[in-house]
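Peer 1: Here you go, one structure.
Number of protein chains: 2
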Amino acid sequence: MARVTIEDVALEAGLSVATVDRVLNGRAAVRPQTASRVEKAIRHLNYQPDRLAARLAKGKEYRFCFVLPEGNNSFMIELGEEVRANASRMVSERVHIDLRLTDVFDAATLATTLDGIGDIYDGVAVVALDHPRVREAINGLVERGVAVVTLVSDVPSSKRSHYAGIDNSSAGRTAATLMGRYLGNKNGKVGLIAGSLSLRDHIERRFGFEQVMLHEFPHLTILPVLESRDDWQRVEKVTTQMLAEHPDLIGIYNVGAGARGIVTALENAGRQKQITYIAHELTDHTRRALVDGTIDVIINQNAGHEVRSAVRVLMAKADKSPLIEAMEHIRIDIFVRDNLP
Amino acid sequence: MARVTIEDVALEAGLSVATVDRVLNGRAAVRPQTASRVEKAIRHLNYQPDRLAARLAKGKEYRFCFVLPEGNNSFMIELGEEVRANASRMVSERVHIDLRLTDVFDAATLATTLDGIGDIYDGVAVVALDHPRVREAINGLVERGVAVVTLVSDVPSSKRSHYAGIDNSSAGRTAATLMGRYLGNKNGKVGLIAGSLSLRDHIERRFGFEQVMLHEFPHLTILPVLESRDDWQRVEKVTTQMLAEHPDLIGIYNVGAGARGIVTALENAGRQKQITYIAHELTDHTRRALVDGTIDVIINQNAGHEVRSAVRVLMAKADKSPLIEAMEHIRIDIFVRDNLP
DNA sequence: ATAGTTTTGATAGACGCCTATCAGGAATTG
DNA sequence: CAATTCCTGATAGGCGTCTATCAAAACTAT
Chain U
1 MARVTIEDVA LEAGLSVATV DRVLNGRAAV RPQTASRVEK AIRHLNYQPD RLAARLAKGK
61 EYRFCFVLPE GNNSFMIELG EEVRANASRM VSERVHIDLR LTDVFDAATL ATTLDGIGDI
121 YDGVAVVALD HPRVREAING LVERGVAVVT LVSDVPSSKR SHYAGIDNSS AGRTAATLMG
181 RYLGNKNGKV GLIAGSLSLR DHIERRFGFE QVMLHEFPHL TILPVLESRD DWQRVEKVTT
241 QMLAEHPDLI GIYNVGAGAR GIVTALENAG RQKQITYIAH ELTDHTRRAL VDGTIDVIIN
301 QNAGHEVRSA VRVLMAKADK SPLIEAMEHI RIDIFVRDNL P
Chain R
1001 MARVTIEDVA LEAGLSVATV DRVLNGRAAV RPQTASRVEK AIRHLNYQPD RLAARLAKGK
1061 EYRFCFVLPE GNNSFMIELG EEVRANASRM VSERVHIDLR LTDVFDAATL ATTLDGIGDI
1121 YDGVAVVALD HPRVREAING LVERGVAVVT LVSDVPSSKR SHYAGIDNSS AGRTAATLMG
1181 RYLGNKNGKV GLIAGSLSLR DHIERRFGFE QVMLHEFPHL TILPVLESRD DWQRVEKVTT
1241 QMLAEHPDLI GIYNVGAGAR GIVTALENAG RQKQITYIAH ELTDHTRRAL VDGTIDVIIN
1301 QNAGHEVRSA VRVLMAKADK SPLIEAMEHI RIDIFVRDNL P
């Protein structure tokens, strides 16, 4: 039951430790038949290299950089905090994480930031705008051997090695199903508010939402999408206006941030109980509104999971080790008043 | 930027490595003032012991045992598979995990199993029946210095050091909220089916469900709870009977396992579309029924998370290191057709 | 001040693997 | 068959920490 070491393997194979090591780390030429003897011994003894010892010996340090949007969006702030928390926790694991804030909504700025991230990093995680310029910057990093993970919002056409985030189209569909079921057989209008129609995650959510609404709940009318730039003051303004224009509004789906603007608008109009309101991201504000009953459902992505997953993936990519796909799937959380964490 | 080692700390404090080590590991008497000099240096340099090196040096092996229910309950089978998967993955981290199946529903058998788990283990995770006999067995283990984590179903009155599972009362409340909202202003009866009224998780779910139903949706009538012993054939029988007796049944909440029995009963009666059916645990069966529309909502606990969390907690307890509480919270998942993983 | 006790220093060896070097043996080439 | 080239063995030293031991220094008590 004691640990199987590289020495045991060497003994079993009738070879030297050096040779076993050469096979394991592809260090130098080894004859195929010798290699297979080693592999056989490994299988036979079920040898698994001690990762602790390996990493200690290699003394490898990982350097990663997280590029997040600047600004006061609650979710992004939380994401940043998770990055920092992870950074300090990972120091004892030889992982160094830097955090850079930039204007993610501006393709040129973001691209420049990415280009400027020299060769000091083994990996980069970025909340990315889906734009040709950004795509090229990502590809540039990948070609220089830097592992890239997109976070929260993807750039599927790029060469990024992984996307750590939810399936936003499914998130939109989920919102639609809940909206339709909550509204039952009521008739009326449903309003859609998005941060920006050039952010991929918002587009996808809207698409998924409309798809399900049209197919499954055709008796509900979807109003044209309002753009909010994820700014809650603006959200409040457009919502107030929408409420005034549509007395038969019975549902609101907020695709982006700025949920508190809708809360205020609804409360000012005194219609928070009549309108089913579904929002994204669990923050202090949305949480309170959910408990109060103004928000009915929150669709959430767990920032902590996303960051930790991104780090795991970056580490795996950095030393070319395989990763357990299933573990890196970010789930779409649904919160009602009763299952809040 | 290079790693801060114990040597740097010694240098900074003007002491020897041996003394720093003594402070760090409480190995021998050190004068308070000397200790504080070390601590100051540690803070100053932000020294964090290299966990890899530490564990390598200690060469500590962890031995844990998971005690799960035998039988063919899909969820429990999945739990077992997760344990096995984790076991093989953790070998390279010096963690050995054994899996024992036993009749968890029988207090005496379970207690005997727990008593019999000698002192070979550093920790035990158990799906526990809340029964005095079991509680004593758990306390016995704890007193012998074995860390105990309850899994899925808790024994709060015992001395277990942690519960890795969802808050079942909240789960019941969640089911009720969704049931009430899905049914809207419809009137009718709601049926409740539980596996056993002596399993704590089922009792709590039922309690939470009824509480919310009575308060928030008083227009709905809750039928007396039916007991199913988590056996799907029995579930089918009682469901069929319930359907026959109550033509105005509009909702079913299945607190326990055996979801497929309800599916069959509903399909046989051709009432799957009229009745809102909420079930627990995402399995192949419930998944299919959710996609088909027979099940409307699945409340789930992630078996993989629970197992991994239990292992982390057991490790932390074994070497008395602190654990990040927030990370060990098991969330209550809500799945509708659109956010299935 | 002396003996005794308590704190500290110095250092070696281990944990399992990685890296590097050198020498000897095996296979290949002309 | 000799001269190369290619494979393999043996071994040293290191990664950062832990454990243990012995000697030296600093205190206490007498």
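Protein chains in written order, with the working numbering: chain U, 1 to 341; chain R, 1001 to 1341. No residue lacks a Cβ here, since even glycine has one placed at the ideal position from N, Cα and C.
Quick check: R:S1170 and U:N339, are their CB atoms within less than 8 Å of each other?
Peer 2: Cβ distance < 8 Å, so R:S1170 and U:N339 count as in contact.
Peer 1: So what does R:F1335 bridge to, in DSSP terms?
Peer 2: Paired residue(s): R:I1298.
Peer 1: Since U:Y182 meets chain R, which of its residues come closer than 8 Å, beta carbon to beta carbon?
Peer 2: R1181, Y1182 and G1184
Peer 1: Using a Cβ-Cβ cutoff of less than 6 Å, which residues in the same chain neighbour U:H96 once the five nearest sequence positions on both sides are dropped?
Peer 2: R63
Peer 1: Considering only C-alpha positions, which residue in the set R:D1050, R:R1022, R:R1051 and R:P1049 is nearest to R:R1037?
Peer 2: R:R1022
Peer 1: Assign R:M1327 to buried or exposed, taking buried as 16 or more other Cβ atoms, counted over all protein chains shown, within 10 Å of its Cβ.
Peer 2: exposed
Peer 1: Answer yes or no: does any C-beta atom of chain U fall closer than 8 Å to that of R:E1204?
Peer 2: Chain U places no beta carbon closer than 8 Å to that of R:E1204, leaving this residue out of the contacts.
Peer 1: In terms of residue numbering, what span does the alpha helix (DSSP H) encompassing U:I250 cover?
Peer 2: Here U:I250 belongs to no alpha helix (DSSP H); instead the beta strand (DSSP E) covers L249 to N254.
Peer 1: Less than 7 Å between C-beta atoms, sequence neighbours within five positions excluded: which residues of the same chain meet that for U:I275?
Peer 2: L249, I250, G251, I252 and L266
Peer 1: According to the Cβ coordinates, are U:L226 and U:M242 closer than 8 Å?
Peer 2: yes
Peer 1: What residues of chain U sit near R:T1177, judged by a beta carbon separation below 8 Å?
Peer 2: V336, R337 and D338
Peer 1: Of all Cβ atoms in chain U, is any one closer than 8 Å to the Cβ of R:S1321?
Peer 2: no
Peer 1: Are U:V127 and U:L151 closer than 8 Å when you measure CB to CB?
Peer 2: yes
Peer 1: By the criterion of Cβ-Cβ separation under 7 Å, what are the contact partners of R:H1329 in chain U?
Peer 2: P341
Peer 1: State yes or no: is the C-beta of R:H1131 within less than 8 Å of the C-beta of R:V1149?
Peer 2: Going by beta carbons, R:H1131 and R:V1149 fall outside the 8 Å limit.
Peer 1: What residues from chain U crowd round R:E1070, counting only those whose CB sits closer than 9 Å?
Peer 2: Simply none; closest approach about 26 Å.
Peer 1: Is it true that the CB of U:I193 sits closer than 8 Å to the CB of U:Q301?
Peer 2: U:Q301 places its beta carbon 8 Å or farther from that of U:I193.
Peer 1: Buried or exposed: U:N73, going by 16 or more other Cβ atoms within 10 Å of its Cβ?
Peer 2: buried
Peer 1: Does DSSP classify R:R1063 as helix, strand or coil?
Peer 2: strand
Peer 1: Can you look up U:Y121 in the DSSP assignment and give me helix, strand or coil?
Peer 2: coil
Peer 1: If we count the other Cβ atoms within 10 Å of its Cβ and call it buried at 16 or more, is U:G293 buried or exposed?
Peer 2: exposed
Peer 1: Could you please tell me which residues of the stretch 159 to 172 of chain U, in chain order, have their CB closer than 8 Å to any CB of chain R?
Peer 2: S170 and A171
Peer 1: Figure out for me which residue from U:H280, U:E7 and U:Y182 has the closest Cα to the Cα of U:A303.
Peer 2: U:H280
Peer 1: Looking only at C-alpha atoms, which of U:I330, U:D319 and U:I295 sits nearest to U:A310?
Peer 2: Nearest of U:I330, U:D319 and U:I295 to U:A310, Cα basis: U:I330.
Peer 1: Helix, strand or coil for U:Y163 per DSSP?
Peer 2: strand
Peer 1: Spatial neighbours of R:K1186 within its chain, please: C-beta separation below 7 Å, excluding the five flanking residues on both sides.
Peer 2: I1250
Peer 1: Per DSSP, which residues does R:K1189 bridge with? Please list them.
Peer 2: R:T1221 and R:L1249
Peer 1: Closer than 8 Å by C-beta to U:V146: which residues in its own chain qualify, once you throw out the five before and the five after it? Chain order, please.
Peer 2: I117, D119, Y121, D122, G123 and V124
Peer 1: Should R:R1173 and R:G1208 be called a contact, given that it needs their Cβ atoms to be closer than 8 Å?
Peer 2: Yes; because the gap between Cβ atoms is below 8 Å, this pair is in contact.
Peer 1: How is the alpha helix (DSSP H) around U:R51 delimited, first residue to last?
Peer 2: R51 to K58
Peer 1: Here's a check: name, in chain order, each residue in its chain whose Cβ is nearer than 7 Å to the Cβ of R:R1133, leaving out the five neighbours to either side.
Peer 2: A1107, A1108 and A1111
Peer 1: Keeping to the same chain, check which residues put their C-beta closer than 6 Å to that of U:A13; ignore five residues upstream and five downstream.
Peer 2: R37, V38 and A41
Peer 1: Chain R beta carbons: is any one of them nearer than 8 Å to that of U:L356?
Peer 2: An answer regarding residue 356 of chain U cannot be provided, because it is not within the stretch 1 to 341 covered by chain U.
Peer 1: So, is the C-beta of U:E93 closer than 8 Å to a C-beta in chain R?
Peer 2: Interface residue, yes.
Peer 1: When the cut-off is 8 Å and only beta carbons count, does U:Q211 lie next to chain R?
Peer 2: No, U:Q211 lies away from the interface with chain R (no Cβ there is under 8 Å from its Cβ).
Peer 1: State the CB to CB distance for the pair U:V83 and U:V307, rounded to an integer number of angstroms; the pair is presumed to be in contact (CB under 8 Å).
Peer 2: Yes, U:V83 and U:V307 are in contact; Cβ-Cβ is about 5 Å, under 8 Å.
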